[in-house]
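A.B. asks: Provided herewith is a single structure, encoded as structure tokens, for subsequent inquiry.
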Amino acid sequence: MEKAYLDVCIAQCPECKTYYAEASWYAIELECDLQCNKCGKSFSPKKFSTDRVMVEFEVSEEGKVKKVRVV
Ligand SMILES: [Zn+2]
Numbered sequence: 003m004e005k006a007y008l009d010v011c012i013a014q015c016p017e018c019k020t021y022y023a024e025a026s027w028y029a030i031e032l033e034c035d036l037q038c039n040k041c042g043k044s045f046s047p048k049k050f051s052t053d054r055v056m057v058e059f060e061v062s063e064e065g066k067v068k069k070v071r072v073v
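Residue numbers for the sequence shown follow my numbering, so the first one is 3 and each next one is one higher.
Structure, rendered in structure tokens:
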């Protein structure tokens, strides 16, 4: 079983408190703003991030994801 990883950032909309999970390279490194799907507010996921985790994907020989966990 092969493994692949994704660095994920959890951010919360400052207006309606909805949580979003976004790739860290996009949310933190590029500092792109997110637009909330619920209330329409644009906010910085870097400024309003609540957590950052590494997600591990177990990948089969055929390249299909079999299992996902937080490491
Ligand atoms: Zn919102």
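No residue lacks a Cβ here, since even glycine has one placed at the ideal position from N, Cα and C.
Please report how far the alpha carbon of V55 lies from the alpha carbon of Q37, in whole angstroms.
C.D. replies: Between V55 and Q37, the C-alpha separation is close to 21 Å.
A.B. asks: Between which residues of its own chain and C41 is the CB-CB distance below 8 Å, once the five residues before and five after are set aside?
C.D. replies: Counting only Cβ-Cβ distances below 8 Å, and skipping sequence neighbours, we find C15, E17, C18 and T20.
A.B. asks: Which term fits Y7, buried or exposed, when burial requires 16 or more other beta carbons within 10 angstroms of its beta carbon?
C.D. replies: That one is exposed.
A.B. asks: Consider the C-beta atom of E17 and the heavy atoms of ligand 1; say whether any pair is separated by less than 8 Å.
C.D. replies: Yes.
A.B. asks: According to DSSP, S51 sits in a beta bridge with which residue or residues?
C.D. replies: Partner(s): A13.
A.B. asks: Does the separation of the CB atoms of F45 and D35 fall below 9 Å?
C.D. replies: It is a contact, given that the beta carbons lie within the stated cut-off.
A.B. asks: DSSP puts S44 in a beta bridge; with which residues?
C.D. replies: Paired residue(s): Q37.
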